[in-house]
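Everything below concerns the one structure shown next.
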Amino acid sequence: MDTVIYVLVQAIQLYSWALIIYILMSWFPDARNTSIGRFLTRICEPYLDPFRRIIPPLGMFDISPIVAFITLNLATRGLYQLSSWL
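Residues in the sequence shown are numbered consecutively from 5, following my numbering.
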């Protein structure tokens with residue numbers, strides 16, 4: 005069971021890095037039109053979309069990724085707690 009939790013935690017960390025790269029790509033013109041940008045859009049937008057519906061942008065600032073990262077962090081902590089119970 006520890007192996008499954010370890011793999012899930014690693015997947016969450018990898019996904020967090022993908023989100024960071026995706027968010028940083030928004031600072032560069034046409035970066036999301038590259039093949040990597042389109043790939044990251046396909047994997048990151050479905051996760052960020054519900055947060056964007058709940059939390060509207062504040063002017064030109066979109067704080068929904070922050071809440072998305074907090075959610076991923078809570079999921080990781082939950083997996084660690086589950087690991088300690090088993």
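Yeah, the Cβ is synthetic: ideal placement off N, Cα and C, and Gly gets one too. The structure presented is a predicted model; accordingly, all values stated were derived computationally and were not measured.
- By the beta-carbon neighbour count (other beta carbons within 10 angstroms, threshold 16), L86 is exposed.
- CA-to-CA, the gap between L90 and I47 works out to about 31 Å.
- Residue burial is scored here from C-beta neighbours: A15 has fewer than 16 other C-beta atoms within 10 angstroms and is therefore classed as exposed.
- Per the C-alpha coordinates, the member of R56, D6 and Q17 positioned closest to A79 is Q17.
- Beta-bridge annotation (DSSP): F43 is not paired with any residue.
- Membership of W89 in the alpha helix (DSSP H) is indicated by the continuous run S68 to W89.
- In this structure, S39 sits away from F55, with a CB-CB distance that is not shorter than 9 Å.
- When secondary structure is reduced to three states using DSSP, F32 falls in the coil class, being assigned neither helix nor strand.
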